[in-house]
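A.B. asks: Sharing a structure below in structure tokens format, with a few things to ask.
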Amino acid sequence: MLRSMGDGDISISGYDTAWVALVPRLDGGEGPQFPATLRWISSNQLADGSWGDSALFSAYDRITNTLACVVALTKWHLGPGQRAAGLRFLEENVWRLAEEDPESMPIGFEIAFPALLEAARSLGIVGFPYDHEALQGLYATREVKLKRIPMEMMHRVPTSILHTLEGMPGVDWHRILRLQSGDGSFLYSPSATAFALTQTGDRKCLEYIDAIVRKFDGGVPNVYPVDLFEHLWVVDRLERLGISRYFEQEIQHCLDYVSRYWTAEGISWARNSHVKDVDDTAMAFRLLRTHGYDVSPAVFDNFEKDGEFFCFVGQSTQAVTGMYNLNRASQVRFPGEDVLRRAGKFSYEFLREREAKGTIRDKWIIAKDLPGEVQYTLDFPWYASLPRVEARAYLDQYGGDNDIWIGKTLYRMPLVNNNTYLELARRDFNRCQVQHQLEWHGLQKWFAENGLEAFGVAREDILRAYFLAAACIFEPTRATERLSWARVSVLANIISKYLGSNSSGKKMMERFTHNSLYEGNCDVSWEVALSNIQQRELSFRSTSSISQRLAYFVSLRQTFDQELLY
1 MLRSMGDGDI SISGYDTAWV ALVPRLDGGE GPQFPATLRW ISSNQLADGS WGDSALFSAY
61 DRITNTLACV VALTKWHLGP GQRAAGLRFL EENVWRLAEE DPESMPIGFE IAFPALLEAA
121 RSLGIVGFPY DHEALQGLYA TREVKLKRIP MEMMHRVPTS ILHTLEGMPG VDWHRILRLQ
181 SGDGSFLYSP SATAFALTQT GDRKCLEYID AIVRKFDGGV PNVYPVDLFE HLWVVDRLER
241 LGISRYFEQE IQHCLDYVSR YWTAEGISWA RNSHVKDVDD TAMAFRLLRT HGYDVSPAVF
301 DNFEKDGEFF CFVGQSTQAV TGMYNLNRAS QVRFPGEDVL RRAGKFSYEF LREREAKGTI
361 RDKWIIAKDL PGEVQYTLDF PWYASLPRVE ARAYLDQYGG DNDIWIGKTL YRMPLVNNNT
421 YLELARRDFN RCQVQHQLEW HGLQKWFAEN GLEAFGVARE DILRAYFLAA ACIFEPTRAT
481 ERLSWARVSV LANIISKYLG SNSSGKKMME RFTHNSLYEG NCDVSWEVAL SNIQQRELSF
541 RSTSSISQRL AYFVSLRQTF DQELLY
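The sequence shown begins at 1 in full-length UniProt numbering and counts up by one.
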């Protein structure tokens, strides 16, 4: 599944498909340039007359998709029955827009949706409540936002505004074409690029649209490609679910791919983008650094202004997940990396404030338990988080197929969010737990057989030592390391307590380490060393045997340091 990753596996957007369907033949003939898009629209209407995500009802998503598809069908005089059903849905549900959570508003909705309403009016579509009170605030908001947009800058440098060109009036197309992405799109948006193609007939726009229509068999996604986004978030999900060890080659491929497109300015969801964002940049920085790639934290200087960090230049609201991933990136800082310290402080305070207000909701994803994810990260930062504890927490937070992303419409990323990962992670966790429980049972027998309780060791001490080992070294194949860690930790505590109260402790420790570890002398007795501890003899054979097995294991695996014994 992961070996087939390319430019991104992503669901279709009815809204964007409709904008592509509106493009007339560029040779001057009658009809649409991309008739396959109309076939997709005709084949994907839902039972209630709407278009959109069938599994999750969002008024924003359904109304946006439905109006766009009705406009496209009306433009080419197709599907009168489907158009009528769509209009009935719109008339019955437009009121829901006023009830929706603004945090889940689609990207560019306040700019693009009013433009879609204007397109519907111009086609003479009747039956839609254009003057409904739920839309009045939207019209006013659009005017305010349009006045704030620096039109000169929009034409001069690439900005996120390019993503919603279909909603922008007064575009100088001759100038704006110079800001195309390398693949011919406008910031990888099919709807914006389709609108530009209609206005200009540009060959590069045509090539981009034609390629994705063919790739997705008539429908188009709301954004494409999403290669960097997919490569990064797949790795993140696999690691947090605790199943990354099954995909080591695929993860290496993903990170090598991302590394090739890493720049000093950051990255975006797609390769070679001129518009960078802190969300993708932070995720890439953290994963690349923790996997040994050389990346500079100076990249975050590009996302700081006047002591605050932002996701996009000119953004109107702050995204929770953008600050969440920035905080996670700040946790892998080295001493002296001041920009990461500032980023960590800013993002932490932002997230804690949202948490206190109960507003941990995001404008880019509808996740099963985003508040839980944020709380875990803030309470247990990277350097304090135990891998198996994090995996257990994320099993409850990861929504699998039910997690859905917010673009211009709702969309899904099957390689990032799916039930296959979730089922594998659950089975793997349960399998590990079975082995851990068997090992814990054996440790309790070891505790009793060696009479460790007489030396001040409680059963809780054994459990704590084993828990710390199993939470970090959890793989079933690493039982020897895990058990050695737990047993030596307990024995080291016994020795430490005794030597701490004995003036000859240092000399005895030297004798113990010399005889036990380096000469392999199994006949040396501890009776002298332990004669003052309740006059009880601790069998040297058991402790020396553990030490020797550990030393032997070191020589094979090179996974332990001799200092672990102290």
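Backbone N, C-alpha and C define an ideal beta-carbon position, used for all residues, glycine too.
Measure the C-alpha to C-alpha separation of Gly28 and Gly201 and round it to an integer number of angstroms.
C.D. replies: Between Gly28 and Gly201, the C-alpha separation is close to 11 Å.
A.B. asks: Based on DSSP bridge pairs, tell me the residues matched to residue 592.
C.D. replies: Because the chain here runs from 1 to 566, residue 592 falls outside it and cannot be looked at.
A.B. asks: Can you tell me whether DSSP reads Leu410 as helix, strand or coil?
C.D. replies: In the structure shown, Leu410 sits in a strand (DSSP, three-state: E or B).
A.B. asks: How is Lys276 classed by DSSP in three states: helix, strand or coil?
C.D. replies: In this structure, Lys276 counts as coil in the three-state DSSP scheme.
A.B. asks: Could you tell me whether the Cβ atoms of Pro190 and Gly8 are closer together than 8 Å?
C.D. replies: No, they are not a contact pair.
A.B. asks: Please name the residue in Ile209, Trp269, Val213, Leu395 whose C-alpha comes closest to that of His231.
C.D. replies: The option with the nearest alpha carbon to His231 is Trp269.
A.B. asks: To which residues of the same chain is Tyr261 closer than 8 Å at the C-beta, ignoring the five residues directly before and after it?
C.D. replies: Closer than 8 Å at the Cβ level, and outside the excluded window around Tyr261, lie Leu228, Ile267, Arg271, Asn272.
A.B. asks: Are the Cβ atoms of Val70 and Arg83 separated by less than 8 Å?
C.D. replies: In this structure, Arg83 lies closer than 8 Å to Val70 by Cβ.
A.B. asks: According to the Cβ coordinates, are Ile209 and Ala194 closer than 8 Å?
C.D. replies: In this structure, Ala194 lies closer than 8 Å to Ile209 by Cβ.
A.B. asks: Under 6 Å Cβ to Cβ from Glu423, same chain only, skipping five residues before and after it: list those, please.
C.D. replies: So the list is empty, once near-sequence residues are dropped.
A.B. asks: What are the residues that DSSP puts in a beta bridge with Pro32?
C.D. replies: Per DSSP, Pro24.
A.B. asks: Between which residues of its own chain and His348 is the CB-CB distance below 7 Å, once the five residues before and five after are set aside?
C.D. replies: Rather than His, the amino acid found at residue 348 in this sequence is Tyr. For Tyr348, where only same-chain residues beyond five positions count, the Cβ hits under 7 Å are Asn327, Leu378.
A.B. asks: Tell me the residue span of the alpha helix (DSSP H) that contains Val94.
C.D. replies: Note, Val94: premise wrong, no alpha helix (DSSP H); not H, not E.
A.B. asks: Ignoring anything shorter than 4 residues, give me the alpha helix (DSSP H) runs that lie fully in the stretch 290–343, in order along the chain.
C.D. replies: Whole alpha helix (DSSP H) segments, 4+ residues: 320–330.
A.B. asks: So, are the CB atoms of Leu187 and His163 less than 8 Å apart?
C.D. replies: Yes, they are a contact pair.
A.B. asks: How long is the line joining the alpha carbons of Phe247 and Arg427, rounded to whole angstroms?
C.D. replies: If you take the alpha carbons of Phe247 and Arg427, they lie about 16 Å apart.
A.B. asks: Does the distance from the C-beta atom of Trp173 to that of Val416 stay below 8 Å?
C.D. replies: Not closer than 8 Å, so no.
A.B. asks: Could you compute how far the alpha carbon of Glu143 sits from the alpha carbon of Val23?
C.D. replies: Each residue's alpha carbon lies about 26 Å from the other.
A.B. asks: In chain order, what are the residue ranges of uninterrupted beta strand (DSSP E) at least 3 long that sit wholly in the stretch 337–423?
C.D. replies: 404–406, all fully within the stretch 337–423.
A.B. asks: Start and end of the alpha helix (DSSP H) containing residue 629?
C.D. replies: Summary: the structure shown does not reach residue 629, with the chain confined to residues 1 through 566, and so no result is reported for it.
A.B. asks: I'd like the list of long-range same chain contacts for Leu238, defined as Cβ closer than 6 Å, with 5 residues on each side in sequence excluded.
C.D. replies: These residues qualify, in order along the chain: Ser244, Phe247.
A.B. asks: Out of curiosity, what's the CA-to-CA distance linking Phe34 and Leu197?
C.D. replies: For Phe34 and Leu197, the distance between alpha carbons rounds to 12 Å.
A.B. asks: Could you compute how far the alpha carbon of His441 sits from the alpha carbon of Glu390?
C.D. replies: C-alpha separation (whole angstroms): 24 Å.
A.B. asks: In this structure, how does DSSP classify Met5 when only helix, strand and coil are distinguished?
C.D. replies: If DSSP states are grouped into helix, strand and coil, Met5 belongs with coil.
A.B. asks: Give a yes or no on whether the C-beta atoms belonging to residue 570 and Tyr376 are separated by under 8 Å.
C.D. replies: Examination of residue 570 is not possible in this model, given that the chain is present from 1 through 566 alone.
A.B. asks: Starting from the C-beta of Asp61, find all residues in its chain whose C-beta is less than 8 Å away, skip the five residues before and the five after it, and write them out in chain order.
C.D. replies: The residues are Gly52, Asp53, Pro106, Thr409, Leu410.
A.B. asks: With a Cβ-Cβ cutoff of 8 Å, do Ser160 and Gly314 count as a contact?
C.D. replies: The answer is yes: Cβ separation under 8 Å.
A.B. asks: Determine the direct distance from the alpha carbon of Ile462 to that of Lys445, and round the result to whole angstroms.
C.D. replies: Spanning the two alpha carbons is a distance of roughly 11 Å.
A.B. asks: Leaving aside the five residues before and after Gly6 along the sequence, list all residues of the same chain whose C-beta is less than 6 Å from its C-beta, in chain order.
C.D. replies: Contacts found: none.
A.B. asks: What three-state label does DSSP hand Ile473 in the structure shown?
C.D. replies: Coil at Ile473, not helix or strand.
A.B. asks: On the premise that Val220 lies in contact with Ile212, defined as a C-beta separation below 8 Å, what is that separation, rounded to the nearest angstrom?
C.D. replies: The Cβ separation is near 5 Å, so the contact holds.
A.B. asks: For Thr64, does the count of other Cβ atoms within 10 angstroms reach 16, so buried, or fall short, so exposed?
C.D. replies: Its Cβ being crowded by 16 or more others within 10 Å, Thr64 is buried.
A.B. asks: Near Arg333, which residues of its chain fall below 6 Å by C-beta distance, leaving aside the five closest residues on each side in sequence?
C.D. replies: So the list reads Leu340, once near-sequence residues are dropped.
A.B. asks: Roughly how many angstroms lie between the CA atoms of residue 583 and Ala120, to the nearest whole one?
C.D. replies: With the chain covering only 1 through 566, there is no way to say anything about residue 583.
A.B. asks: Tell me where the alpha helix (DSSP H) around Asn65 begins and ends.
C.D. replies: That run of the alpha helix (DSSP H) goes 59–75.
A.B. asks: Note down, in chain order, each residue of its chain lying with its Cβ closer than 6 Å to the Cβ of residue 567, except the 5 sequence neighbours on either side.
C.D. replies: This structure gives no information on residue 567, because the portion of the chain shown stretches from 1 to 566.
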